[in-house]
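The block underneath contains the structure these notes are about, expressed in structure tokens.
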Amino acid sequence: MHQTKVRVAEDALDANATIAQANRADFDRESVRVVNLMSAPGAGKTTLLEAVFREGLGDLRAGVLEGDVQGSLDADRLARFHVPVTQINTDGGFGGECHLDANMVRSALGEVPLDEIDLLIIENVGNLVCPAEFRVGEDAKAMVCSITEGEDKPLKYPLMFRTCGLVVVNKIDLLPHLDYDLDTLLANVESVNPGVEVLLTSARTGEGVEGLREWLVRVHHGEPQGRDDGAPAGERAAAPA
Amino acid sequence: MHELSLSSAILATALRHAEGRPVKAVDLTVGTLRQVVPASLEFYWEIVTRDTVCEGSRLEISVVEATVSCNDCATEWTLDDPIFACPSCKSTSVEVLTGTEFMVESLDISEKEEATL
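Respectively, the protein sequence lines represent chains H and U. Count along the first sequence from 1, then add 7; that gives the number in my numbering. Count along the second sequence from 1, then add 1177; that gives the number in my numbering.
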């Protein structure tokens, strides 16, 4: 036996990026824009989407792809708003994947009525680490950061905060009840992702939700949102200008 | 969990290039911006490689520091904290030069010697 060195020089997430491109091509064919919505568990993604859909998005027809480790509780909540909701469960293997990857989204695409919608919101699994690594074919990434999570989170999870084109700061109705320094949070967000758009919302009272509706409409109109310096090179080159 | 997903992605890449030959080591470069914990990656590597040609192989991880350059004054610096603002002129128009790598660079593979008389 002897050893040889085989040169690979390949991004380990290239396989995911290739599938993400295929998803993107399918979305483009149906003129559907896609948002990857991420957050820690319990930040309020589903409640925010309920608040968005309560008053609707005007002429914009939205659908939701709901990623959860288990169950369909979130999908059931959103289906009440007569929005097409498709559930992906990531359980199996080591007890449930902690994020959606391009292949999981691809496997569910057959059940998403792409020809009936203009905008697909992919509600990722609640987690501030893994979802930031795996592109799924989205046009824009947004994250929800609730004020019960602490002001230091941008510095602890910079990849997530830096990869998103929108940071929604949720649960601001709780500000009077917490020792929370909103200015510190905003400064930390700005340090990690200078110039990123920030919205202050309360999904409970509806405050600020109109800003999220407007942002979703802008994504639908094809305005580029966010930076791409963490994406594998192959996919970045394929992204529309 | 992060490192479990990533070690599976490394394994898939390594298996494709190994083409069934036994792998002794996998060279990987990881940028500090990827938030990967090398020891955790090595722990999961041992688990995900079981019953594959990569079983028992070493994961040789080279960590690449995050370096950033300022688009306004051309200062280059190494990022110790995730603060993307120029230390010289305070500009936030900056470009990440290194630190986002997650590359399988090469594999050390055992080859059988040609049969000789």
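Quick reminder that beta carbons are idealized off the backbone N, C-alpha and C, glycines included.
Using a CB distance cut-off of 8 Å, U:Ala-1262 counts as an interface residue toward chain H.
In terms of beta-carbon proximity, H:Asp-18 lines the interface with chain U, with at least one pair separated by less than 8 Å.
By alpha-carbon distance to H:Val-112, the top candidate from H:Arg-87, H:Met-45, H:Glu-145 is H:Glu-145. Nearest Cα to H:Gly-229 within the set H:Asp-125, H:Arg-142, H:Gly-65: H:Asp-125. Under the Cβ distance rule, H:Leu-173 does not count among the residues neighbouring chain U, no pair being separated by less than 8 Å. Between H:Val-143 and H:Leu-107 a beta carbon distance of about 6 Å is seen, short of the 8 Å cut, so the two are scored as contacting. Residues Met-45, Ala-47, Pro-48, Cys-105, His-106 of the same chain have their beta carbon placed closer than 8 Å to that of H:Asn-134, with the five preceding and five following residues left out of the count. Per the coordinates, the alpha-carbon of H:Phe-34 lies some 21 Å from the alpha-carbon of H:His-89. At the C-beta level, U:Val-1245 and U:Leu-1274 come within 8 Å of one another. Against U:Arg-1227, chain H offers no close residue; the least beta-carbon distance is about 13 Å (beta-carbon pairs closer than 8 Å).
When only Cα atoms are considered, U:Asp-1258 and H:Ala-58 end up about 36 Å apart. Counting only residues of its own chain and dropping the five nearest sequence neighbours on each side, H:Ile-95 has a CB closer than 8 Å to the CB of Leu-72, Glu-73, Gly-74, Asp-75, Leu-107, Met-111, Val-112, Ser-114, Ala-115. For H:Val-216, the uninterrupted alpha helix (DSSP H) segment begins and ends at 216-227. By a beta-carbon distance limit of 8 Å, H:Pro-91 contacts H:Gly-70. Their separation comes to about 4 Å. Per DSSP, reduced to three states, the secondary structure at U:Ala-1251 is coil, with no helix or strand assignment.
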